[in-house]
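Participant: Per the working numbering, the sequence shown starts with residue 441, numbered consecutively.
Every residue gets a Cβ at the ideal spot worked out from N, C-alpha and C, and that includes glycine.
Below are the structure tokens for one structure; questions will follow.
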Amino acid sequence: MSVHDETTRDLRNLARWRQTARVLVEALPFILAYDNKTIVVKYGGHAMHDGVPTEFAQDVVLMKQTGINPVVVKS
Numbered sequence: 441m442s443v444h445d446e447t448t449r450d451l452r453n454l455a456r457w458r459q460t461a462r463v464l465v466e467a468l469p470f471i472l473a474y475d476n477k478t479i480v481v482k483y484g485g486h487a488m489h490d491g492v493p494t495e496f497a498q499d500v501v502l503m504k505q506t507g508i509n510p511v512v513v514k515s
């Protein structure tokens, strides 16, 4: 692997970390506002198609990990 390839890989990793940090900073006020609260999440329609169920499940897990208690209802 050349130095150029390593530098490019490092820059891509840095960009991913920066994006993750940006999302977390934007989400923090909501995480704090809904800490230990129960949230009802409707699951249906478009969310049930293609690759969306995996993304939906990941989002529900993230809510639980941040202290939110999600309750999923199917429509």
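(1) Is the segment 501-510 close to the segment 472-485, with three or more CB pairs under 8 angstroms?
(2) Would His486 and Val492 qualify as a contact pair, given that the criterion is a beta-carbon distance under 8 angstroms?
(3) Using a Cβ-Cβ cut-off of 8 angstroms (strictly less than) and excluding sequence neighbours within five positions of Val500, which residues of its own chain qualify?
(4) Out of Arg449, Ile471, Val463 and Leu454, which one is the CA nearest neighbour of Gln505?
Facilitator: On the basis of the data shown:
(1) yes
(2) yes
(3) Val481, Pro510 and Val512
(4) Ile471
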